[in-house]
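*Asks:* Before I ask anything, here is the structure I am working with.
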Amino acid sequence: MKTPYGTIRFKQGMMDGRVIRQFPEYGDVKGLARKHEVPFYEVYSAALTSL
267 MKTPYGTIRF KQGMMDGRVI RQFPEYGDVK GLARKHEVPF YEVYSAALTS L
């Protein structure tokens, strides 16, 4: 997903062929937070908002 900080990949939990959970990739969030010098949670929140 594209966010104001950059592109973040998501992990998906599937059941019976349907997506039941989605989580931003920790490494992507961490790297972008460091790059932009913002808190991890700020980038994580932006990723969730982009869904």
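Each residue of the sequence shown is one higher than the one before, counting from 267 in our numbering.
Ideal Cβ placement from N, Cα and C applies to all residues, glycine included.
(1) Opposite residue 284 in the DSSP bridges: which residues?
(2) Just how far apart, CA to CA, sit residue 262 and residue 311?
(3) Going by CA-CA distance only, name the one from 279, 298, 284 and 287 that's closest to residue 272.
(4) Rounding to the nearest angstrom, what Cα-Cα distance links residue 286 and residue 301 in this structure?
(5) Output the distance between the C-alpha atoms of residue 295 and residue 282, rounded to the nearest integer angstrom.
*Replies:* This is what the structure holds:
(1) As a first step, residue 284 is located in the sequence shown; it is residue number 18 there, counting from the start. In the DSSP output, where bridge partners are listed per residue, residue 284 has 281.
(2) The first residue shown for the chain is 267 and the last is 317, placing residue 262 beyond what the model contains.
(3) Position 6 of the sequence shown, counted from the start, is the residue given in the question as residue 272. Relative to residue 272, the option among 279, 298, 284 and 287 whose CA is nearest is 298.
(4) As a first step, residue 286 is located in the sequence shown; it is residue number 20 there, counting from the start. As a first step, residue 301 is located in the sequence shown; it is residue number 35 there, counting from the start. In this structure, the CA atom of residue 286 is about 31 Å from the CA atom of residue 301.
(5) Stepping through the sequence shown from its first residue, residue 295 is reached at position 29. Stepping through the sequence shown from its first residue, residue 282 is reached at position 16. About 28 Å.
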